[in-house]
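> Those protein sequence lines, which keep their order, are chains A and B. Heads up, the first sequence is in the numbering used here, so the first residue is 1 and it goes up one at a time. Heads up, the second sequence is in the numbering used here, so the first residue is 1001 and it goes up one at a time. Provided herewith is a single structure, encoded as structure tokens, for subsequent inquiry.
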Amino acid sequence: MAKIIMTADDSASVRQMVSFTLKQGGYEVVEAVDGKDALQKLAGRKVDMLITDLNMPNLDGIGLIKGARALPSCKFIPIIMLTTESTDTKKQEGKSAGATGWIVKPFKPEQLMAVVKKVLG
Amino acid sequence: MIDVHRQAFKEEAYELLSELESSLLELEEGPDDSDLIGRVFRAMHTIKGSGSMFGFDDIAHFTHEVETIFDMVRNGKLQVTKTLVNLTLSARDQIKSMLDNSDGGGGADLAESGRIIAGLRALASLEAPVAAQAQTEAKHRAAGTDARVTYRVRFQPNPEIFSCGSNPLNLLAELRDLGPCNVVAQTAALPALEDMDPELCYILWDVVLTTDQGLNAIRDVFIFVEDDCVLSIDKIAEYDEASGPENHQKLGEIMRDRGDISAEEMAAVLAKQQRFGELAVANGLVTEDKVESALVEQRHVQAVRQEKQNADAGNSIRVPAERLDVLVNLVGELVTVQARLSQTAAGRADAELVAIAEEVERLTGELRDSALNIRMLPIGSTFSKFKRLVRDLSGELGKEIEMTTDGAETELDKTVIERLNDPLVHLIRNSIDHGVELPEVRIAAGKPRFGTVHLSAVHSGDSVLITIKDDGAGLDKEAIRAKAVERGLISASAELPEKELFAQIFAPGFSTAKKVSSVSGRGVGMDVVKRAIDQLRGTIELASVHGEGTRIMVRIPLTLAIIESLLVRIGGDFYMLPLSMVDECVELTREDVARAHGRNLANVRDHLVPYIPLRERFLIPGAVPDIEQIVITQVNGVRVGFVVDQVIGEHQTVIKSLGRAYKNAEGISGATILGDGSVALILDVPQLVQSVEAEAA
């Protein structure tokens, strides 16, 4: 069965790109427009991985990561954050919230796939 | 596996570099195009990024400097100038030569790297620690990123590692992808079942890994967990030819190096002269796990040495061109024999033999196609070279010329592409020098300031049509006529059609250029081009409108080994004419000959076509049949007929060279063997026409 990956991003184009790439890679994709939406959807279904932007309205990425880790079904899944800057402070904040890793934007589809393969096995 | 990754990177890098080149050239025209700047930046970025992943550290280092500059451009801190583009282009060449040299061979010129970086830094008015830069690069090279190195990795994740979603097993799997790898799990810290928290990780892993991708590749595997684990990576050994198989480390030394045991302890145990591992455990110095792990390392190192001796094989094979030639020749022989087989089978009423012959025919056809296919390459690689040529030359001549291309994916025989390079370079140079005018002249003539040279390649039948088109001044008919008359090539009163007049410029020593430039004008050239194209059995044609531009069409057969030809008979002998040159066949009756009053001219639909009676020319004895055939060919825009007894039909011809004794036979370019084993000569149509013209003049 195909693994399910959720992508949370307020930018439709990023969501589209991520979703397209993952689908091509044989994954099933659930899209969420912000942290709040993502958390709602996570409560309803099990996903194998979460890819989230950090800057989002309603609930930002850090909040989403913390919220997701509190859910039993998401306690151990890989969570990847998308950051625009490779600055360490944001990364650190994300890591301590429970993120598995990060991808620096802009990234190429291959880079995304590499990271997904890396954390999802 | 590692080789495949490196190979993939190199291929990608080459692609990026050519993309980079075209982006830079475009950027020169539109310096404010932020999309283009972005593309240049990203290309650099990717080369740098993946370069260091695959152990091309010198390239990554160098590219980083260039990328820094383009980051400034991207952020609007630096303007795109001609100097910047020039420097970046040389940087691109430098990266390419680094890539070229990465498979052993001489290193790239470090001084050149230094010079380019100094130039770029000067442009960005940055501090320029050039010397230091060159030094680090030198160091990087000296480190020998290509060598296979064995590392000892100890990975001890924090117990809470699962809570950030990391799976240590994935990381270990990733390490395995880097090269031959042995993993030992150390379970000493595992508590009793009732004390164990299933959400915590108690295990640490010892990994022995042999890889040629460098330390950074290993570090990259652990990039997400760096802060959540204790990680140590040590180099054990580098594998070069010098180290012999017998010099591996003893178990005790390995454990000492790992810090599991001190040197004194080791010496104490060794003094007792028993098996070290058992003793160390018995003495309570180390746990069995640790001994096991050290043993694994020892075995790994031995295994890697062993493997080292078995040569590595890659995914794609480089084969010397001669071997391919031999293969194609053999296939040619096979095609000939198969034709005989088919013919023999057809002559007998043996159904089984016919079935076999058909099977062989089908297989031979497939074999021929795939053998020829091996030699096929897209012509695009040559095209990008020309782009650069146009840019450099036009700069030198003060002209502003843009080069566009079409059909880069068109495939041609490798040898053909190689031999086509020089003639095409010449033609393009001509277009730039003689064709496209200076910007002022163009504006005065109401043309756009930028001249264009368009290069296209397209398949047409069994040949490839390469067109070079410029929108320059075009050929000056009168100048050509005057020059041709002056050189005695044509008579002053001759009324030549345009095509034939233009064909005069292929005569040796012909040049209408008023002055000699570094690019062209010495009058050597077009005849050389013509000869090179002839040798490829191709044709070249010119069309030009004065003031509007010139178009040069070069038609080249797809492959040199096998051609489509027209089989004809004169007396008892068979001859072949390349089908690509044949226009049509018409009958020639006795009455026609009588009407022409001894001139060899035939009236074909109210046009006079001169013909060459081959029976006469080759002194073939025997009676002339009542009705002969004229095979009308077109050579350089001139229609010339060849009179033969009988036209037999099309034939797939495997070309055989004639051997030394007959190599210079006039009018014959080769031979082939027919289905029944007899020999047919292949006519060299252009040469025949030329020699007849020479005799007439």
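Using N, Cα and C, we set each Cβ at its ideal position, and we do this for glycine too.
1) Report the rounded CA-to-CA distance for S1166 of chain B versus K1096 of chain B, giving the unit in angstroms.
2) Jot down the residue ranges of each uninterrupted alpha helix (DSSP H) in the segment 1605-1679 of chain B, minimum 4 residues, whole runs only, in chain order.
3) Whose C-alpha, out of B:V1221, B:T1150 and B:A1263, is nearest the C-alpha of I1236 of chain B?
4) Please state if the CB of V1390 of chain B and the CB of M1403 of chain B are separated by a distance shorter than 7 Å.
5) Where do the ends of the beta strand (DSSP E) carrying G1451 of chain B lie?
6) According to DSSP, what are the bridge partners of R1555 of chain B?
7) Output yes if chain A places a C-beta closer than 7 Å to the C-beta of S1034 of chain B; else output no.
8) With hydrogens ignored, establish whether the beta-carbon of P1625 of chain B is closer than 6 Å to any heavy atom of the ligand HEM.
9) Report yes or no: do three or more beta-carbon pairs, one from the segment 1472-1485 of chain B and one from the segment 1454-1464 of chain B, lie closer than 8 Å?
10) Taking a cut of 9 Å between CB atoms, which residues from the segment 67-85 of chain A lie near chain B?
11) Just tell me which of B:D1406, B:A1532, B:I1655 and B:I1563 has its CA closest to the CA of D1422 of chain B.
12) So which residues on chain A does C1201 of chain B lean against when the C-beta distance must stay under 9 Å?
13) Using a C-beta to C-beta distance shorter than 9 Å, which residues of chain B count as neighbours of G101 of chain A?
14) Could you check which residue in A:Q92, A:E110 and A:G98 has the C-alpha nearest to that of A50 of chain A?
15) Can you have a look at T1633 of chain B and say buried or exposed, based on whether 16 or more other CB atoms are within 10 angstroms of its CB?
16) Taking A1173 of chain B as the query, report the chain A residues whose CB atoms sit under 9 Å from its CB, ordered along the chain.
17) Tell me the rounded alpha-carbon separation between M1196 of chain B and P57 of chain A.
18) Based on the DSSP secondary-structure assignment, which residues constitute the bridge partners of E1584 of chain B?
19) Measuring straight from C-alpha to C-alpha, what distance separates A1671 of chain B and L1110 of chain B?
20) Please classify G44 of chain A: does DSSP put it in a helix, a strand, or coil?
21) Report the three-state DSSP secondary structure of E1199 of chain B (helix, strand or coil).
22) Measure the C-alpha to C-alpha separation of E1418 of chain B and I1562 of chain B and round it to an integer number of angstroms.
23) Anything in chain A within Cβ reach of N1170 of chain B, meaning under 7 Å, just list it in chain order.
24) Measuring only the C-alpha atoms, how far is H1434 of chain B from S1370 of chain B?
25) Quick check: what's the CA-CA separation for N1603 of chain B versus G1488 of chain B?
26) Can you give me the Cβ contacts of V115 of chain A inside the same chain, cut-off strictly under 7 Å, excluding the 5 residues immediately before and after it?
27) Can you tell me the Cβ-Cβ gap for A38 of chain A and M17 of chain A, rounded? I've got them flagged as a contact below 8 Å.
28) At which residues does the beta strand (DSSP E) containing Q1156 of chain B begin and terminate?
29) How big is the Cα-Cα spacing for V1631 of chain B and L1438 of chain B?
30) State buried or exposed for A1701 of chain B, treating a residue as buried only when at least 16 other CB atoms are found within 10 Å of its CB.
31) Quick one: what does DSSP say G94 of chain A is sitting in, helix, strand or coil?
32) At 8 Å on the CB atoms, spell out the chain B contacts of G98 of chain A, in chain order.
33) Of the choices B:S1090, B:S1580, B:G1446 and B:L1324, whose alpha-carbon is the least far from that of L1536 of chain B?
34) Classify L1186 of chain B as helix, strand or coil using the three-state DSSP reduction.
35) Tell me the DSSP secondary structure of P1423 of chain B in three-state form.
36) How is the beta strand (DSSP E) around T1404 of chain B delimited, first residue to last?
From the atom records:
1) When rounded, the separation of the alpha-carbon atoms in S1166 of chain B and K1096 of chain B is 38 Å.
2) Unbroken alpha helix (DSSP H) runs of no fewer than 4 residues, entirely contained in the segment 1605-1679 of chain B, are found at 1614-1617 and 1659-1662, following chain order.
3) Comparing Cα-Cα distances from I1236 of chain B to each of B:V1221, B:T1150 and B:A1263, the minimum goes to B:T1150.
4) M1403 of chain B is a Cβ neighbour of V1390 of chain B, given a cutoff of 7 Å.
5) Its beta strand (DSSP E) spans residues G1451 to S1460.
6) Paired residues: B:L1465 and B:T1539.
7) False, the Cβ-Cβ gap to chain A never drops below 7 Å.
8) Although the ligand HEM was asked about, the structure shown includes no ligands whatsoever.
9) The segment 1472-1485 of chain B is not in contact with the segment 1454-1464 of chain B.
10) Correct list: R69, C74, K75, F76, I77, P78, I79 and I80.
11) Checking every option, the nearest Cα to that of D1422 of chain B belongs to B:A1532.
12) C1201 of chain B does not reach chain A, its nearest Cβ partner there being about 11 Å away, counting only Cβ pairs nearer than 9 Å.
13) By Cβ distance, chain B contributes C1164, G1165, S1166, I1223, F1224 and V1225.
14) Contrary to the premise, residue 50 of chain A reads as Leu rather than Ala in this sequence. Ranking the options by Cα distance to L50 of chain A, first place goes to A:G98.
15) By the neighbour-count criterion, in which 16 or more other beta carbons inside 10 Å mark a residue as buried, T1633 of chain B falls on the buried side.
16) Residues of chain A passing the Cβ test: G121.
17) Spanning the two alpha carbons is a distance of roughly 41 Å.
18) According to DSSP, E1584 of chain B bridges with B:I1632.
19) Going from the Cα of A1671 of chain B to the Cα of L1110 of chain B covers about 53 Å.
20) Reduced to three states, the DSSP call for G44 of chain A is helix.
21) Three-state result, E1199 of chain B: coil.
22) The straight-line gap separating the alpha-carbon atoms of E1418 of chain B and I1562 of chain B is approximately 18 Å.
23) Residues of chain A with a Cβ closer than 7 Å to the Cβ of N1170 of chain B are, in chain order, K118, V119 and G121.
24) Cα to Cα, the separation comes out at about 42 Å.
25) So the two alpha carbons sit approximately 29 Å from each other.
26) So the qualifying residues of the chain are I80, G101 and I103.
27) Contact check for A38 of chain A and M17 of chain A: beta-carbon distance about 17 Å, past the 8 Å limit, so the pair fails to qualify.
28) Counting along the chain, the unbroken beta strand (DSSP E) around Q1156 of chain B starts and ends at R1148 to P1157.
29) In this model, V1631 of chain B and L1438 of chain B are separated by some 46 Å (Cα to Cα).
30) Since the first residue shown for chain B is 1001 and the last is 1697, residue 1701 of chain B is missing from the structure and cannot be characterised.
31) It is helical.
32) Correct list: S1163, C1164 and G1165.
33) The shortest C-alpha separation from L1536 of chain B is found at B:S1580.
34) The amino acid occupying residue 1186 of chain B in the given sequence is Gln; Leu does not appear at that position. The DSSP-derived three-state label of Q1186 of chain B is strand.
35) Looking at P1423 of chain B - three-state DSSP - the assignment turns out to be helix.
36) T1404 of chain B -> beta strand (DSSP E) spans I1401 to D1406.
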